[in-house]
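Undergrad: Handing you a structure now.
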Amino acid sequence: MAPRIPLQSPLQHSDTVATAGGVDHHPSQPTGWRRWLLTTNHKEIGTLYLIFSLSMFFVGGIFALVVRAELFQPGLQLVEPEFFNQMTTMHGLIMVFAAVMPAFTGLANWMIPLQIGAPDMALPRLNNFSFWLLPVAFTLLLSTLLMPGGGPNFGWTFYAPLSTTYAPASTTFFILALHIAGISSILGAINIIATILNMRAPGMRLMDMPLFVWTWLITAFLLIAVMPVLAGVITMMLMDINFGTSFFDAGGGGDPVLFQHLFWFFGHPEVYIMILPAFGIVSAIIPTFARKPLFGYASMVYATAAIALLSFLVWAHHMFVVGLPLVAELFFMYSTMLIAVPTGVKVFNWVTTLFRGSISFESPMLFALAFVVLFTIGGFSGLMLAIAPADFQYHDTYFVVAHFHYVLVPGAIFAIMAGVYYWLPKWTGHYPNETLAKWHFWFSVIGVNLTFFPMHFAGLAGMPRRIPDYALQFADFNLVSSIGAFFFGASQLLFVLVIILCVRGGKPAPAKAWEGAVDLEWTVPSPAPLHTFETPPVFRQIEK
Amino acid sequence: MSGGSYYVPAKSYWPILGSLATGFMMVGLGAQLVYGSANVLILIGVIAVVAVMAFWFRDVINESHQGLYDSQMDRSFRWGMGWFIFSEVMFFAAFFGALFYVRMFAIPWLGGEGAKGVSALLWPNFIAEWPLLSPPDASVSGPDNVFSPWQLPLVNTLLLVTSSITLTIAHEALKAEKRRVCRNWLAGTVILGCCFIFIQGVEYYEAYQHYGITLEAGIFGSTFFILTGFHGVHVIIGTLILMVMLARIIRGHFSDTGHFGFEASCWYWHFVDVVWLGLFIFVYVV
Ligand code: HEM
Ligand SMILES: [Cu+2]
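Here it is as C-alpha cells:
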C-alpha cells in the first residue's frame with residue numbers, strides 16, 4: 001500500500017499572487033494575429049485549442065444534424081445515401097479527433113501548469129507546434145468532402161476493405177490528415193507527461209496531484225502508446241491502396257480482420273483517452289461544490305491506472321461477431337466486464353463524496369452531477385454489450401450508437417462543459433451568467449436524453465446503424481431522436497453565448513472563485529495573468 | 001523540481017512554419033499518390049520541413065550555449081526524448097503485431113485450420129506455409145525465393161551491433177573529455193551506418209531483380225518491406241543525426257557533462273539497433 005494520503009486541503013503556497021501579478025519582465029509580447037501564431041504561452045495555446053475544439057464541435061454537429069434530418073422519417077428524402085455515409089463518417093471523425101480530444105488538450109494546457117505550480121508547459125514551442133498541426137490536419141480532412149468521388153464514407157472506424165479496395169480516391173488524403181493529427185496528439189502527450197513529471201512545485205508529490213493532473217498523466221501515456229499503432233494501421237492502408245500490398249487482402253495472404261485488431265487496439269484505449277480526463281474534471285468539481293474532500297483519492301488514482309491497463313486487453317469486444325475463436329470471445333468478454341469494476345469504484349467515490357456534503361448547484365456542479373448519472377447509464381449499456389452472446393444481437397445496431405453516445409455526450413462532453421463553467425472565472429475574471437448557464441444545462445440534459453434514449457429501443461428492436469433508411473416500425477423512435485438532436489444542437493448556441501458574454505464582462509471573480517475549491521489554480525488572481533508561478537510556489541499539505 | 005529559473009522561450013516562428021511545411025509535404029504526397037505528378041510539391045515540402053527543423057534546433061543549441069537551460073530543462077528534454085522513443089517502439093509494434101498475427105493466425109486459418117477454415121471453399125488448394133511463396137489467390141504471385149539470413153542480413157546485423165559499440169565508445173570518450181577519440185569513433189559509427197544503408201539497398205535490388213520479393217508479392221512482401229523499409233528510414237535519419245553530431249563535435253560543441261543532444265542521438269541509434277535485432281530474428285531467421 002502507498003503511504004496514507006493526507007486530505008486534499010488546505011494548501012499553502014508562497015507569495016505567488018504577488019509574483020504573478022508583478023512586473024512582467026518578459027521580452028516584448030507580439031500583438032495581433034502574430035501573438036496567436038507565434039505564442040509559446042500555455043494559456044494562449046490552451047485558449048487556441050479550446051476555440052478550435054468549439055468550432056469543430058459545431059462543424060461535426062452540423063454533419064450529425066444532416067444525418068438526423070435524413071432519419072427524421074423513413075424513406076430517402078434529403079441526401080443521397082452516398083453523401084449520408086460521408087456525413088456519418090465525418091461526424092464521427094471530427095467529433096473524436098477534432099472536438100473532444102483537442103478540448104481536453106486545451107484544458108490540460110490551461111490547467112495543468114496552474115494546478116501543479118509550473119511556469120508553463122515543459123516544452124513550450126513544441127506545444128505551439130502540436131496545436132497548429134490541428135487546423136492543418138482538419139482543413140485537409142474536411143477538404144476531402146469536395147474531392148472527386150467524395151470524402152471518406154466508410155465510418156469513423158474505416159474498416160478495410162471498405163476503406164481500401166472499395167474506398168473513394170480521397171482516402172489517401174484522409175490517411176495523411178489523420179497522420180498529421182496523430183503527430184499532434186503524440187507530441188502534445190509527450191509535452192504533458194514531461195510537464196507533470198518534471199515541473200511540479202517543490203513539495204508536490206505524485207500522490208498530492210489533483211485528479212485532473214493524474215488522469216491526464218495516464219491519458220498521455222495511453223496516447224503515446226496507441227496513437228503510433230493508429231499511425232501504423234493507416235500506413236498499411238496507404239500501402240494497400242497505393243502500392244499493391246496485401247495486408248488486409250486475404251487473396252494475398254493478409255486478413256481484413258487484422259485491420260480490426262490493429263484498429264481496436266488503438267480504438268478501445270482511445271475511448272478511454274476521451275473519458276479519463278473527464279473523470280479528472282468531475283473529481284475536481286464534485287468535492288468543490290459538496291464542500292468535502294474527494295472520497296477515496298488514492299483509490300481514484302489506482303482505479304484510473306487499472307482502467308488504463310485493462311483497456312489494452314479488451315479491444316476485441318468490438319469484434320465479437322467477426323468470427324473469433326471461442327477462447328478469444330470468452331477472454332474479451334470477461335476482461336471487458338472487469339473494467340466495470342474500477343469504473344464502479346469511481347462512481348462509488350463520487351456518490352460517497354456527495355454523501356452528507358453541503359451541496360450547492362451551480363452550473364459546473366449540475367453538469368458534473370448529470371455526468372455521473374448519465375455516464376453510468378452508458379456504462380450499463382456497455383456491460384450489456386460486453387456479453388458476447390448478447391452482442392451478437394446488438395452489434396451494429398442503434399443500441400451501440402446509444403451506448404457510446406451516452407458515454408461520450410453526457411459523459412465526455414458534459415465533463416468538458418462542466419470544466420469550462422468551472423474554470424471560466426479563472427480564465428476571464430468573470431463568472432459566467434448563471435441563469436443562462438442553467439438554461440443551457442437543462443436544455444442540454446433534455447436534448448441529450450431525447451436524442452439518445454430512444455436509440456436504445458430502436459437498437460434492441462434491430463435497427464441497424466449507418467443506414468439512411470429504415471423499416472416503418474422504427475419511425476417513432478427516430479422522430480423523437482431527430483427532434484431531440486435539433487433541440488440539443490440549438491441549445492449549444494446558448495453555450496457560445498455564455499462564453500462570449502463571460503469573456504466580455506460579468507460579475508468579477510476573486511482568486512478563489514468557488515468557496516470549496518482547493519487546488520493551486522485558485523491561488524493565482526482571476527483572470528490568471530499571462531505568466532504565473534514564475535517563482536515556484538512551495539506546496540505543503542497539512543495533515544488534519 | 002522547479003528551481004525558479006525555468007526558461008520559457010518568448011515566441012517563435014518555427015512551430016507555425018513547421019506545421020505549414022508538414023501540411024505542404026502531406027498534400028504533395030497525397031497529390032502525387034492520387035493524381036500523379038506532384039513531385040515538386042513533395043520536394044518543396046520536405047525541404048521546408050528539414051529547414052524548419054534545422055532552424056529550430058539551431059535556436060535550441062544557441063539557447064543552450066547562452067546558458068539559458070538549467071538541470072530542470074535538461075530533464076524535460078530527457079523525458080521528451082524517452083517518451084518519443086517509446087512512441088516509435090509502439091509504431092514498430094504495430095508492424096510486428098501484423099507479422100505475428102498473419103503468421104500465427106491468418107495463414108493457418110486460410111489453410112483450413114481450426115473452426116475458421118471456411119476459406120477452404122474459396123481457395124481449396126491453398127497450402128499454409130511461411131514464408132508464403134504462393135498466396136491464396138492466383139492473381140497475386142508470391143516471391144520466388146527468400147533471403148538466407150546468414151548472408152547479407154547477418155552482415156548487416158554485425159554492422160549495426162558494432163556501430164552501437166563504437167557509438168558507446170565515442171560517448172564514453174566525450175564524457176572523459178577525449179574529444180579526438182570521440183570524433184574518430186563517432187566517424188566510424190557514421191561509416192558503419194552508411195554501410196548498412198548501402199547493403200540494405202543492395203538487398204532491395206536483389207529482392208526485386210532476383211528473388212521476386214516485391215511489394216505486390218502477397219503478405220510476405222508486404223510485411224518484409226514495411227518492417228525493413230521503416231527500419232531503413234530510421235537508420236537513414238539516425239545516420240543523418242549522427243553526422244550532425246559529428247559536425248558539432250568538430251566545431252567544439254558539447255562538454256563532458258552537458259551533451260544531451262549527443263546522448264539523445266545515442267538513445268535513438270540504440271533503439272534502431274534493437275529494432276533491427278527483432279527484425280533479424282523474426283523477418284529473416286525464423
Ligand atoms: C463499463 C464500461 C464500458 C463497457 C463494458 C463498454 C463496452 C462496449 C462494447 C462491448 C462495445 C462494442 C459494441 C458493438 O460494437 O457491438 C462498445 C462500443 C463502444 N464504446 Fe463502450 N464500453 C464501456 C465504456 C465506454 C466508454 C467510457 C466510452 C467512451 C468514452 C465508450 C465508447 C464506445 C464507443 C465509441 C463504441 C462504438 C465504436 C463503434 O463501433 O463505432 N465505451 N462498448
Ligand atoms: Cu471498447
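Note that the protein sequences, when read in sequence, are chains U and G. Quick note on UniProt numbering: the first sequence kicks off at 1 and runs consecutively. Quick note on UniProt numbering: the second sequence kicks off at 1 and runs consecutively. For glycine and all other residues, C-beta sits at the position ideal for the given N, C-alpha and C.
Cβ-heavy atom distance between His403(U) and ligand 2 below 6 Å?
TA: No, Cβ of His403(U) sits at least 6 Å from all heavy atoms of ligand 2.
Undergrad: Go ahead and pull the three-state DSSP assignment for Pro277(U).
TA: DSSP places Pro277(U) in helix when its eight states are reduced to three.
Undergrad: Would you check if the distance between the CB atom of residue 599(U) and the CB atom of Tyr406(U) is smaller than 7 Å?
TA: Since the first residue of chain U shown is 1 and the last is 544, residue 599(U) is not available in this structure.
Undergrad: Any beta-carbon of chain G closer than 7 Å to the one on Trp216(U)?
TA: False, the Cβ-Cβ gap to chain G never drops below 7 Å.
Undergrad: For Asp144(G), count the other beta carbons within 10 Å of its own beta carbon; 16 or more makes it buried, fewer makes it exposed. Which is it?
TA: Exposed: under 16 other Cβ atoms inside 10 Å.
Undergrad: Is there contact here, the stretch 88 to 100 of chain U with the stretch 33 to 42 of chain U, by at least three beta-carbon pairs under 8 Å?
TA: No contact exists between the stretch 88 to 100 of chain U and the stretch 33 to 42 of chain U.
Undergrad: Using the C-alpha atoms, what's the distance from Ala485(U) back to Gly447(U)?
TA: So the two alpha carbons sit approximately 6 Å from each other.
Undergrad: Using the three-state DSSP reduction, which class does Pro529(U) fall into: helix, strand or coil?
TA: In this structure, Pro529(U) counts as coil in the three-state DSSP scheme.
Undergrad: Quick check: the stretch 474 to 483 of chain U against the stretch 60 to 74 of chain U, are there 3 or more CB pairs under 8 Å?
TA: Enough Cβ pairs lie closer than 8 Å, so yes.
Undergrad: Can you tell me whether Thr435(U) is buried or exposed, with buried defined as 16 or more other CB within 10 angstroms of its CB?
TA: By the 10 Å Cβ count, Thr435(U) comes out exposed.
Undergrad: Please list, in chain order, all residues with a C-beta atom less than 6 Å from at least one heavy atom of ligand 1.
TA: Counting every residue whose Cβ lies closer than 6 Å to a heavy atom of ligand 1, we get Thr157(U), Val271(U), Met274(U), Ile275(U), His317(U), His318(U), Thr336(U), Ile339(U), Ala340(U), Thr343(U), Gly379(U), Gly382(U), Leu383(U), Leu385(U), Ala386(U), Asp391(U), Tyr394(U), His395(U), Val400(U), His403(U), Phe404(U), Val407(U), Leu408(U), Gly411(U), Ala412(U).
Undergrad: Which residue comes first and which comes last in the alpha helix (DSSP H) that contains Asp255(U)?
TA: Note, Asp255(U): premise wrong, no alpha helix (DSSP H); not H, not E.
Undergrad: Tell me which same chain residues have a C-beta within less than 8 Å of the C-beta of Thr189(G), skipping the five on either side of it?
TA: Excluding sequence neighbours, Thr189(G) sits near Ser163, Thr166, Leu167, Ala170, Leu242, Trp269.
Undergrad: Using DSSP with H/G/I as helix, E/B as strand and the rest coil, what is Gln259(G)?
TA: Residue identity check: residue 259(G) is His in the sequence provided, not Gln. If DSSP states are grouped into helix, strand and coil, His259(G) belongs with coil.
Undergrad: Quick check on Lys11(G): does DSSP put it in helix, strand or coil?
TA: Reduced to three states, the DSSP call for Lys11(G) is strand.
Undergrad: Is Thr397(U) helix, strand or coil when you go by DSSP?
TA: If DSSP states are grouped into helix, strand and coil, Thr397(U) belongs with the strands.
Undergrad: Do you know offhand how far Leu121(G)'s Cα is from Leu223(U)'s?
TA: Spanning the two alpha carbons is a distance of roughly 41 Å.
Undergrad: Measuring only the C-alpha atoms, how far is Val146(G) from Gly221(G)?
TA: Distance between the alpha carbons of Val146(G) and Gly221(G): 10 Å.
Undergrad: Can you pull the chain U neighbours of Trp14(G), defined as C-beta to C-beta under 7 Å?
TA: Near Trp14(G) (Cβ distances below 7 Å), the residues of chain U are Arg125.
Undergrad: Interface residues of chain G around Leu262(U) at Cβ under 9 Å?
TA: Correct list: Ala94, Gly97, Ala98, Tyr101.
Undergrad: Skipping 5 residues on each side, what residues in its chain have a beta carbon closer than 8 Å to that of Ser381(U)?
TA: Excluding positions up to five away in sequence, the list reads Phe399, Ala402, His403, Tyr406, His456.
Undergrad: Going by DSSP, what residues sit across from Val210(G) in a beta bridge?
TA: Checking the displayed sequence, the identity of residue 210(G) turns out to be His instead of Val. Per DSSP, none; premise fails for His210(G).
Undergrad: Which residues in chain U have a C-beta closer than 7 Å to the C-beta of Arg75(G)? List them in chain order.
TA: Under the 7 Å cutoff, chain U gives Asn198.
Undergrad: Taking a contact to mean a Cβ-Cβ separation below 7 Å, would you say Phe266(U) touches Leu230(U) in this structure?
TA: Yes.
Undergrad: Bridge partners of His430(U), per DSSP?
TA: According to DSSP, which records beta bridges pairwise, His430(U) is partnered with Pro508(U).
Undergrad: Check Leu464(U) in the structure and name its three-state DSSP category.
TA: Reading the sequence as shown, one finds Pro at residue 464(U) and not Leu. In this structure, Pro464(U) counts as strand in the three-state DSSP scheme.
Undergrad: For Phe371(U), I'd like the list of residues in its chain whose CB is within less than 6 Å of its CB, leaving aside the five on either flank, ordered along the chain.
TA: Excluding positions up to five away in sequence, the list reads Val282, Phe414, Ala415.
Undergrad: Measure from the C-beta of Val8(G) to each C-beta in chain U and report whether the shortest distance is under 7 Å.
TA: By this cut-off, Val8(G) is an interface position.
Undergrad: Could you tell me whether any Cβ in chain G is nearer than 7 Å to the Cβ of residue 572(U)?
TA: Examination of residue 572(U) is not possible in this model, given that chain U is present from 1 through 544 alone.
Undergrad: Name the one or two DSSP bridge partners that Thr39(U) has.
TA: DSSP output for Thr39(U) lists Lys11(G) as bridge partner(s).
Undergrad: Can you look up Gly21(U) in the DSSP assignment and give me helix, strand or coil?
TA: Reliability fails at Gly21(U), whose pLDDT of 37 lies under 50, so the model's placement of it is uncertain and the value that follows must be treated cautiously. Three-state DSSP puts Gly21(U) in a helix.
Undergrad: I'd like to check one pair, Phe95(G) with Leu240(G): are the Cβ atoms closer than 7 Å?
TA: Not in contact: Leu240(G) and Phe95(G) (Cβ atoms no closer than 7 Å).
Undergrad: Nearest CA to the CA of Gly112(G): which residue from Pro124(G), Phe91(G), Tyr101(G)?
TA: Gly112(G) has its Cα closest to that of Pro124(G), out of Pro124(G), Phe91(G), Tyr101(G).
Undergrad: List the residues of chain G whose Cβ lies closer than 7 Å to the Cβ of Phe58(U), in chain order.
TA: Chain G residues near Phe58(U): none, gap ~23 Å exceeds 7 Å.
Undergrad: For Leu310(U) versus Leu338(U), is the C-beta spacing smaller than 7 Å?
TA: Result yes, Cβ atoms of Leu310(U) and Leu338(U) sit closer than 7 Å.
Undergrad: At a Cβ threshold of 7 Å, is Leu215(G) touching chain U?
TA: It does: the Cβ of Leu215(G) has a partner Cβ on chain U nearer than 7 Å.
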